[in-house]
Amino acid sequence: DQQVKQNSPSLSVQEGRISILNCDYTNSMFDYFLWYKKYPAEGPTFLISISSIKDKNEDGRFTVFLNKSAKHLSLHIVPSQPGDSAVYFCAAQITGSARQLTFGSGTQLTVLP
Amino acid sequence: DSGVTQTPKHLITATGQRVTLRCSPRSGDLSVYWYQQSLDQGLQFLIQYYNGEERAKGNILERFSAQQFPDLHSELNLSSLELGDSALYFCASSVEGGRTEAFFGQGTRLTVV
Numbered sequence: 001d002q003q004v005k006q007n008s009p010s011l012s013v014q015e016g017r018i019s020i021l022n023c024d025y026t027n028s029m030f031d032y033f034l035w036y037k038k039y040p041a042e043g044p045t046f047l048i049s050i051s052s053i054k055d056k057n058e059d060g061r062f063t064v065f066l067n068k069s070a071k072h073l074s075l076h077i078v079p080s081q082p083g084d085s086a087v088y089f090c091a092a093q094i095t096g097s098a099r100q101l102t103f104g105s106g107t108q109l110t111v112l113p
Numbered sequence: 114d115s116g117v118t119q120t121p122k123h124l125i126t127a128t129g130q131r132v133t134l135r136c137s138p139r140s141g142d143l144s145v146y147w148y149q150q151s152l153d154q155g156l157q158f159l160i161q162y163y164n165g166e167e168r169a170k171g172n173i174l175e176r177f178s179a180q181q182f183p184d185l186h187s188e189l190n191l192s193s194l195e196l197g198d199s200a201l202y203f204c205a206s207s208v209e210g211g212r213t214e215a216f217f218g219q220g221t222r223l224t225v226v
């Protein structure tokens, strides 16, 4: 039972355009959401997060949107750069618990020059 | 550099064998998490330790065990290895209290032949 789903295994965008990565979750107990970026042969690197009490969080070129009623979140990257090419993982957490992360299966983003 | 150190980076072993993966968390982090990433899958939570005590268990097989030592480093022991145990094993650490992201090591790639 996948509680966090990333339905697009891959996404290609042109440099300078917007990249939109999507994530759906099923467990309504999740109250904190994170995006991680992963390059080959490296561990996941934290990118941005959002609490369930917010619907938007920005950090530079990265914005995460949360739609609690739809149990959906998205990561927007504007403008996309070739260095953004990586696997992006969506993760969710129940902060009152041991705080382990439940991950989606990842989306491979390729930014074309 | 996340500050989380995992050794070894690569490990090749035969079926039926036992291996130990090691993780040193970031300085000051009391929580250590172990995750498994099989081919083209998301990261699956295995187990968490906090300050030497087991805090949470995920989908960890009975053949696998872990511990956290007084100096806070952690070891993941995998025994009676099977071909299907071949995967990337990641360790992550985090501070306790509030909503904080976990920092990941570079992982250990285990190949069972």
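Quick note, the sequences are listed as chains D and W, same order. Position 7, counted from 1, in the first sequence is what our numbering calls 7; the numbers after and before it change by one each time, with no gaps. Position 77, counted from 1, in the second sequence is what our numbering calls 190; the numbers after and before it change by one each time, with no gaps. Each residue gets a CB set at the ideal place from its N, CA and C atoms; glycine is no exception.
Between which two residues does the beta strand (DSSP E) harbouring residue i extend?
{"i": "R166 of chain W", "result": "According to the sequence as given, residue 166 of chain W is Glu; it is not Arg. Taken as a continuous stretch (DSSP letters only), the beta strand (DSSP E) holding E166 of chain W covers 166–170."}
{"i": "K37 of chain D", "result": "32–38"}
{"i": "Q2 of chain D", "result": "Element bounds for Q2 of chain D: n/a, residue is neither H nor E."}
{"i": "S10 of chain D", "result": "10–14"}
{"i": "V78 of chain D", "result": "Element bounds for V78 of chain D: n/a, residue is neither H nor E."}
I need the DSSP call for residue i, collapsed to helix, strand or coil.
{"i": "L143 of chain W", "result": "coil"}
{"i": "D59 of chain D", "result": "strand"}
{"i": "D184 of chain W", "result": "coil"}
{"i": "L47 of chain D", "result": "strand"}
{"i": "L189 of chain W", "result": "strand"}
{"i": "L232 of chain W", "result": "Here chain W comprises residues numbered 114 to 226, so residue 232 of chain W is not present and cannot be evaluated."}
{"i": "L101 of chain D", "result": "coil"}
{"i": "D114 of chain W", "result": "coil"}
{"i": "L174 of chain W", "result": "coil"}
{"i": "L196 of chain W", "result": "helix"}
Keeping to the same chain, check which residues put their C-beta closer than 6 Å to that of residue i; ignore five residues upstream and five downstream.
{"i": "I160 of chain W", "result": "W147, K170, I173, A179"}
{"i": "V87 of chain D", "result": "K38, G106, Q108"}
{"i": "G190 of chain W", "result": "Going by the sequence as given, residue 190 of chain W is Asn instead of Gly. Excluding sequence neighbours, N190 of chain W sits near T133, S178."}
{"i": "I48 of chain D", "result": "W35, D59, F62, V64"}
{"i": "S151 of chain W", "result": "A200"}
{"i": "D55 of chain D", "result": "L66"}
Check the Cβ-Cβ distances between residue i and every residue of chain W, and say whether any is below 8 Å.
{"i": "P44 of chain D", "result": "yes"}
{"i": "S105 of chain D", "result": "yes"}
{"i": "F89 of chain D", "result": "yes"}
From the beta carbon of residue i, is the nearest beta carbon of chain D less than 8 Å away?
{"i": "Q161 of chain W", "result": "yes"}
{"i": "E188 of chain W", "result": "no"}
{"i": "E175 of chain W", "result": "no"}
{"i": "F182 of chain W", "result": "no"}
{"i": "E214 of chain W", "result": "yes"}
{"i": "S115 of chain W", "result": "yes"}
{"i": "G218 of chain W", "result": "yes"}
{"i": "G155 of chain W", "result": "yes"}
If you drop the 5 nearest sequence neighbours on each side, which residues of the same chain put their C-beta closer than 8 Å to that of residue i?
{"i": "A127 of chain W", "result": "L194, V225, V226"}
{"i": "R131 of chain W", "result": "N190, L191, S192, S193, L194"}
{"i": "S28 of chain D", "result": "K71"}
Taking C-beta pairs closer than 8 Å, name the residues in chain A that residue i reaches, listed in chain order.
{"i": "Q100 of chain D", "result": "Note that chain A does not occur in the displayed structure, where the protein chains are D and W."}
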